[in-house]
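Working notes, structure below.
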Ligand SMILES: Nc1ncnc2c1ncn2[C@@H]1O[C@H](COP(=O)(O)OP(=O)(O)OP(=O)(O)O)[C@@H](O)[C@H]1O
Ligand SMILES: [Mg+2]
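In this note's numbering, the protein residues as written are 142 to 447.
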């Protein structure tokens with residue numbers, strides 16, 4: 142098997158708060174192969190965005206981080222500012238959560254996308270052609286017109302496609318899409334997922350999502366809870382035969398599966414399994430933290446019942 146394009150080893154991220162340190166990621170280990178499409182799912186506050194941001198070292202200065210992140214073997218945590226700048230956008234790009242918030246309302250779409258080229262030293266006179274071309278590639282029927290448009294004139298789906306366009310402008314090897322279908326109507330969701338799939342064909346995609354249908358377009362699903370990975374396996378198998386009680390509860394809470402709420406809320410346990418207090422199957426063994434255990438080929442679960 143080839144070396145992973147992204148390798149995360151024992152990544153822990155803590156935020157200082159008035160009540161002490163808050164651990165948002167806890168010893169996360171994750172290898173992602175080139176070309177793999179991976180969904181990262183879990184309830185709000187599980188650490189999905191912190192994981193995505195950490196890969197690009199966007200939390201420097203506001204968090205304390207230990208562990209390692211390697212991109213194509215390069216150690217992200219020891220990169221200089223210059224190396225980071227070169228890596229961001231070119232090797233790995235992040236499409237942030239809430240595109241309507243991340244797009245500047247007073248700058249035209251074309252200029253906002255063009256700024257990505259500017260940061261990476263592409264001469265200004267080459268911008269327009271590249272931006273118009275990529276707006277066309279992303280599915281806008283009138284890219285010239287979109288180039289001259291302000292974000293408030295675009296629908297949610299169009300804003301999402303704009304930020305996908307921005308993320309893909311330098312043709313990065315890895316795209317991290319943070320909740321790309323959030324808040325969209327069903328038709329726009331399908332449209333955005335098709336666009337993402339097409340744009341990342343042959344590339345690596347990390348799709349952070351709450352959307353069961355979005356996860357379905359990825360061949361692998363990673364389930365997070367309280368900053369830890371609890372289950373990781375082929376999406377079809379994890380959906381058909383979830384092993385961890387949390388994954389089962391999460392699927393049951395999806396609108397397409399009856400929306401059965403999971404009692405309680407996400408909390409970090411002092412020791413052992415973080416899902417302990419909410420788990421119907423808890424036992425004394427869960428008071429110890431268990432390693433990820435292989436239950437079938439490529440399917441790993443962190444639960445003493447498996
Ligand atoms: N800058 C920060 N300071 C303190 N705590 C933070 C900070 N950023 C994130 N957190 C906390 O880290 C935890 C994980 O946050 P994160 O944004 O990764 O959640 P998420 O899984 O992406 O949730 P959502 O699905 O709502 O986007 C949350 O409890 C959050 O409050
Ligand atoms: Mg998030």
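Using N, Cα and C, we set each Cβ at its ideal position, and we do this for glycine too.
For residue i versus residue j, is the C-beta distance shorter than 8 Å?
{"i": "residue 194", "j": "residue 230", "result": "no"}
{"i": "residue 364", "j": "residue 388", "result": "yes"}
{"i": "residue 255", "j": "residue 242", "result": "no"}
{"i": "residue 253", "j": "residue 319", "result": "no"}
{"i": "residue 437", "j": "residue 378", "result": "yes"}
{"i": "residue 416", "j": "residue 383", "result": "no"}
{"i": "residue 445", "j": "residue 420", "result": "no"}
{"i": "residue 355", "j": "residue 322", "result": "yes"}
{"i": "residue 291", "j": "residue 276", "result": "no"}
{"i": "residue 314", "j": "residue 149", "result": "no"}
{"i": "residue 244", "j": "residue 300", "result": "yes"}
Quick one: using the 10 Å Cβ neighbour count with 16 as the cut-off for buried, is residue i buried or exposed?
{"i": "residue 440", "result": "buried"}
{"i": "residue 180", "result": "buried"}
{"i": "residue 219", "result": "exposed"}
{"i": "residue 215", "result": "exposed"}
{"i": "residue 411", "result": "exposed"}
{"i": "residue 422", "result": "exposed"}
{"i": "residue 293", "result": "exposed"}
{"i": "residue 373", "result": "buried"}
{"i": "residue 376", "result": "buried"}
Ordered along the chain, which non-local residues of its own chain (more than five positions away) have a Cβ less than 7 Å from that of residue i?
{"i": "residue 164", "result": "153, 155, 368, 409"}
{"i": "residue 448", "result": "No information on residue 448 is available, as it lies outside the stretch 142 to 447 that the chain covers here."}
{"i": "residue 98", "result": "No statement about residue 98 is possible, as the shown extent of the chain runs from 142 to 447 and does not include it."}
{"i": "residue 197", "result": "229, 233, 235"}
Excluding the 5 residues flanking residue i on each side, which residues of the same chain have their C-beta closer than 6 Å to its C-beta?
{"i": "residue 329", "result": "298"}
{"i": "residue 341", "result": "316"}
{"i": "residue 309", "result": "340"}
{"i": "residue 433", "result": "441, 443"}
{"i": "residue 178", "result": "346, 359, 360"}
{"i": "residue 251", "result": "272, 288"}
State the start and end residues of the unbroken beta strand (DSSP E) segment that holds residue i.
{"i": "residue 435", "result": "434 to 437"}
{"i": "residue 348", "result": "345 to 350"}
{"i": "residue 407", "result": "Neither: residue 407 is in no beta strand (DSSP E) and is coded neither H nor E."}
{"i": "residue 162", "result": "161 to 173"}
Specify, as a first and last residue, the run of the alpha helix (DSSP H) that residue i falls within.
{"i": "residue 476", "result": "Because the chain spans 142 through 447 in this model, residue 476 falls outside it and cannot be assessed."}
{"i": "residue 104", "result": "The structure shown does not extend to residue 104, since the chain is modelled only from 142 to 447, so the question has no answer here."}
{"i": "residue 390", "result": "386 to 393"}
{"i": "residue 329", "result": "327 to 340"}
{"i": "residue 381", "result": "376 to 381"}
{"i": "residue 314", "result": "Taken as a continuous stretch (DSSP letters only), residue 314 belongs to no alpha helix (DSSP H), as it is neither H nor E."}
Enumerate in chain order the residues of its own chain whose CB-to-CB distance from residue i is below 8 Å, with the five nearest sequence positions on each side excluded.
{"i": "residue 200", "result": "154, 191, 194, 206"}
{"i": "residue 249", "result": "288, 289, 290, 291"}
Consider the Cβ of residue i: report whether some Cβ of chain B lies at a distance smaller than 8 Å.
{"i": "residue 352", "result": "Structure shown: chain B not included; a single protein chain is present."}
Cβ pair count under 8 Å reaching 3, the region 175 to 195 against the region 394 to 410: Between the region 175 to 195 and the region 394 to 410 there are three or more C-beta pairs closer than 8 Å, enough to call the two in contact.
Would you be able to state if there are at least three C-beta pairs under 8 Å between the region 330 to 345 and the region 303 to 312? Yes, they touch.
Evaluate the contact criterion for the region 218 to 225 versus the region 337 to 353: three or more CB pairs, one atom per stretch, below 8 Å. Cβ pair count under 8 Å is below three, so no.
Decide if the region 204 to 213 is in contact with the region 281 to 292; the criterion is three or more beta carbon pairs, one per stretch, under 8 Å apart. These segments do not touch.
Within 7 Å of ligand 4: residues by beta-carbon to any heavy atom: This structure simply doesn't include ligand 4; it includes ligand 1 and ligand 2 instead.
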